[in-house]
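What follows is a short report on a single structure.
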Amino acid sequence: MTVQQTYIMLKPDAVERRLVGEIISRIEDKGYSIIQAKLMTLTKDVIADHYAHLTDQPFYPKLENYMLSGPVFGLVVEGEEAIQGMRSMMGPTNVFDANPGTIRGDFATDLTYNVIHGSDSLESAYIEIRRFFG
Ligand code: IDP
Ligand code: MG
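The following block contains the structure:
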């Protein structure tokens with residue numbers, strides 16, 4: 015067991031739909047700590063860095079528009095095995111496979127508009143925390 019930090023981002027639909035409080039409650043109820051948090055508006059450059067693995071996908075323009083559509087709420091979440099733990103709480107990328115009880119399972123019905131981002135590895139958590147919190 016290792017205490018880890020992970021980068022969580024409540025995407026523009028979560029902010030727009032006023033789901034921020036509900037999702038933060040779930041993270042705190044789980045037992046994780048929020049150690050940094052801020053509302054921010056992303057730029058095309060930051061989105062392209064963050065989603066560099068997807069820039070050549072046909073859905074990238076839709077993803078870019080989505081992430082530009084309003085502010086996001088970025089968080090650094092800390093706890094035992096928090097990287098995989100948050101990914102489990104989020105549910106899978108394919109929202110149609112996301113079970114009820116997961117954040118995507120409970121709040122999303124669209125492959126792109128899926129409410130939440132969470133780092134997928136120790137390496138990406140390190141990079142993403144620095145990308146968004148310096
Ligand atoms: P993740 O968010 O579960 O880590 P990634 O593969 O890193 O999944 O994709 C980043 C984001 O791109 C997803 O959260 C979703 O918003 C969008 N996305 C991923 N795959 C698709 C797709 O097949 N169609 C439309 N949008 C997608
Ligand atoms: Mg990802």
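Going by this note's numbering, the residue at position 16 of the sequence shown is 30; the numbering climbs one at a time, nothing skipped. For every residue, glycine included, the Cβ atom is placed at its ideal position computed from N, Cα and C.
Roughly how far, in whole angstroms, is the beta-carbon of residue i from the beta-carbon of residue j, given that I think they are within contact range, below 8 angstroms?
i      : j      : result
Val17  : Gly93  : 7 angstroms
Ile41  : Ile48  : 7 angstroms
Phe73  : Ala51  : Rounded, the Cβ-Cβ distance is 28 angstroms, inconsistent with contact.
Gln19  : Ala112 : No, Gln19 and Ala112 are not in contact; Cβ-Cβ is about 24 angstroms, not under 8 angstroms.
Leu33  : Phe146 : Actually they do not touch by this definition, with Cβ atoms about 19 angstroms apart.
Val109 : Asn79  : Not a contact, Cβ separation roughly 18 angstroms.
Starting from residue i, trace the alpha helix (DSSP H) in both directions and tell me its first and last residue.
i      : result
Met23  : That residue, Met23, is in no alpha helix (DSSP H); its beta strand (DSSP E) goes Val17 to Leu24.
Leu33  : First-last for Leu33: undefined, no H or E at that position.
Tyr140 : Leu136 to Phe147
Closer than 8 angstroms to a non-hydrogen atom of the ligand ATP - does that hold for the CB of residue i?
i     : result
Lys58 : This structure does not include the ligand ATP; its bound ligands are the ligand IDP and the ligand MG.
For the beta strand (DSSP E) that contains residue i, what are its first and last residues?
i      : result
Phe87  : Val86 to Glu94
Gly105 : Unbroken run through Gly105: none, as it is neither H nor E.
Gly132 : Ile130 to Gly132
Helix, strand or coil for residue i, going by three-state DSSP, please let me know.
i      : result
Gly115 : coil
Tyr198 : The chain is shown only over 15 to 148; residue 198 falls outside these bounds and no answer can be derived.
Asp120 : helix
What alpha helix (DSSP H) runs, 4 residues minimum, are completely inside the segment 39-77? The qualifying runs are 58-64.
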